[in-house]
Amino acid sequence: MSRILLKNVTKQFDTRGGGKVTAVDNFNLEIKEGECFSFLGPSGCGKTTTLRMIAGFEDLTEGEIWLGDRPVSVKEKNLYVPPEDRGLGMVFQAFAVWPHLNVFENVAFPLRVKKTPSGELREKVMTALDHTDLTGAEKAFPSDLSGGEQQRIALARAIVTSPSVMLLDEPLSNLDPKLRESMRFEIKALQKKFNFTIIFVTHDQSEAMALSDRMLVMDMGKIIQAGAPREMYEQPANQFVYGFLGQSNFLKVRASEGKIFPAGSEVSLDSPVAGAPEGGEGLTASRPNEIILGRTAGEGGVRGRVEKRLYMTYCVEYHVEVAGQTVRVHGPHRDALPEGSECFLGFRNARWYDAESAEAELERTERQVI
Ligand code: ADP
Ligand code: MG
0 MSRILLKNVT KQFDTRGGGK VTAVDNFNLE IKEGECFSFL GPSGCGKTTT LRMIAGFEDL
60 TEGEIWLGDR PVSVKEKNLY VPPEDRGLGM VFQAFAVWPH LNVFENVAFP LRVKKTPSGE
120 LREKVMTALD HTDLTGAEKA FPSDLSGGEQ QRIALARAIV TSPSVMLLDE PLSNLDPKLR
180 ESMRFEIKAL QKKFNFTIIF VTHDQSEAMA LSDRMLVMDM GKIIQAGAPR EMYEQPANQF
240 VYGFLGQSNF LKVRASEGKI FPAGSEVSLD SPVAGAPEGG EGLTASRPNE IILGRTAGEG
300 GVRGRVEKRL YMTYCVEYHV EVAGQTVRVH GPHRDALPEG SECFLGFRNA RWYDAESAEA
360 ELERTERQVI
């Protein structure tokens, strides 16, 4: 087990156009021993670069990284411990297994690099294969195995050296949804057995929430918010985090005399909006499953009209027009309202956010292009 400490870590890359991109921007973070910690954020936000710096595959532009009580990268002192001496296990998104080596040799590889004696090597490989349900597959080649089994080889290879830290970079992204779910549990089970600290990188919020003790949401190289999954879901720091952690509506509104009015409407919302100022314009954020869909004015709520109705597996999704804006609402299958119906929306647990600048969205898109 080991804690991981990042102090003022920054990484800049030269871009093809001759400029610079700050892939990781003054990152400060302490991950506790034995914690499962997720990095969540859109493509290009700097997740992989951060992990590669922790692993030692990437130099720092500024800052320090510590594993346990040991500094492993300190820019100021030009201190740099190579990846093989950091005591880490790693699994990456692409099935990084060697096609020309059989399962045994794929898993044995890190031990061969360390010149482990053959008896000990065999014992360690067989134990790692046992923990990843690959016993019996030693002689098979990766191409004989399914995607899930190939990713298990990568897991076995990561645990074979008994690392104190496990870095997982979107390890489940190439798997089908059912397999992804079962692999999540396998990873958690392995962590229980071996007690390693995990950093799990993903762009899938449900995966992060299911696996993590704590997590952070990154955007454009910066940590926007860090905390326990539930705390983050219930108290998102801004519009970006709110939108990233679940389905969302952002209704343009104005605050006036203690009430919130959808833009263009003289009728206010019937419930309070957390964080709303006394006056001014902004957004009301709401989740489709937290809006109450009424059929009569007597039930209260803002008047709207069902534009579209979609049958989903767990609910009926309505697209409701409110004062020229569309709001997504989830309701039960029973007695579903037909398209064109008048309805009344009650906003529950709604939150106020200042609108994000259009430039932010543009910059995010540009960063995705490597
Ligand atoms: P993520 O893993 O969150 O998708 P990355 O860490 O891969 O993001 O990338 C962060 C930013 O750094 C992106 O803008 C990407 O284009 C840039 N980047 C990453 N690696 C390199 C590199 N080797 N050279 C130049 N730019 C890079
Ligand atoms: Mg990545």
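Numbering-wise (numbering that gives the first Met the number 0), the sequence shown opens with residue 0 and increments by one. Backbone N, C-alpha and C fix where the C-beta goes; we use that ideal spot for every residue, glycine too.
{"Query": "Pick from G297, Q324, T196: whose alpha carbon is nearest that of E34?", "Result": "T196"}
{"Query": "S247 and R347: beta carbons closer than 8 angstroms?", "Result": "no"}
{"Query": "Could you have a look at N77 and say whether DSSP puts it in helix, strand or coil?", "Result": "coil"}
{"Query": "Kindly examine the ligand MN and report whether one of its heavy atoms sits closer than 7 angstroms to the Cβ of T48.", "Result": "Looking at this structure, you won't find the ligand MN anywhere; what it does contain is the ligand ADP and the ligand MG."}
{"Query": "Tell me whether E289 counts as near the ligand MG, meaning its Cβ is closer than 7 angstroms to at least one heavy atom of that ligand.", "Result": "no"}
{"Query": "Give the list of continuous alpha helix (DSSP H) stretches no shorter than 4 residues that lie fully inside the region 112-178.", "Result": "117-130, 146-158"}
{"Query": "Let me know if K191 comes out buried or exposed under the rule of 16 or more other beta-carbons within 10 Å of its beta-carbon.", "Result": "exposed"}
{"Query": "DSSP on F343, reduced to helix/strand/coil?", "Result": "strand"}
{"Query": "So E148 packs on L133, CB below 8 angstroms; how close in whole Å?", "Result": "7 angstroms"}
{"Query": "When DSSP labels each residue in this structure, what does P337 get in the three-state scheme?", "Result": "coil"}
{"Query": "Quick check on the DSSP output: what are the complete alpha helix (DSSP H) runs of length 4 or more inside the region 169-252, in order along the chain?", "Result": "176-193, 204-210, 228-233, 238-243"}
{"Query": "DSSP on M311, reduced to helix/strand/coil?", "Result": "coil"}
{"Query": "Flag D168 as yes when its Cβ comes closer than 7 angstroms to any non-hydrogen atom of the ligand MG, and as no otherwise.", "Result": "yes"}
{"Query": "Could you check the C-alpha separation between H202 and I222 for me, to the nearest Å?", "Result": "14 angstroms"}
{"Query": "Looking at C-alpha atoms only, which residue of T325, L178, E306, G242 is the closest neighbour of A262?", "Result": "T325"}
{"Query": "Is the beta carbon of V240 within less than 7 angstroms of some heavy atom of the ligand ADP?", "Result": "no"}
{"Query": "List in chain order: all unbroken beta strand (DSSP E) runs of 3+ residues lying wholly within the region 39-89.", "Result": "61-66, 69-73"}
{"Query": "With DSSP as the reference, identify every bridge partner of V23, one or two as the case may be.", "Result": "K10"}
{"Query": "Could you give the DSSP three-state label for A322: helix, strand or coil?", "Result": "coil"}
{"Query": "Take L174 and list the residues in its own chain whose beta-carbon comes closer than 8 angstroms to its own, dropping the five residues that flank it on each side.", "Result": "G146, G147, Q150, M182"}
{"Query": "Compute the Euclidean distance between the alpha carbons of T160 and E277, then round it to the nearest angstrom.", "Result": "59 angstroms"}
{"Query": "Sort F343, W351, L144, L5 by Cα distance to S285 and report the nearest one.", "Result": "W351"}
{"Query": "Using only the alpha-carbon positions, how far apart do A188 and W65 sit?", "Result": "26 angstroms"}
{"Query": "I need the straight-line Cα distance from E360 to G242, nearest angstrom please.", "Result": "13 angstroms"}
{"Query": "Looking at G67 and the ligand ADP, is the gap between the Cβ and the nearest heavy atom below 7 angstroms?", "Result": "no"}
{"Query": "Considering only the beta carbon of each residue, do A22 and G55 sit closer than 8 angstroms?", "Result": "no"}
{"Query": "Short check: CB of P70 to CB of E61, under 8 angstroms?", "Result": "no"}
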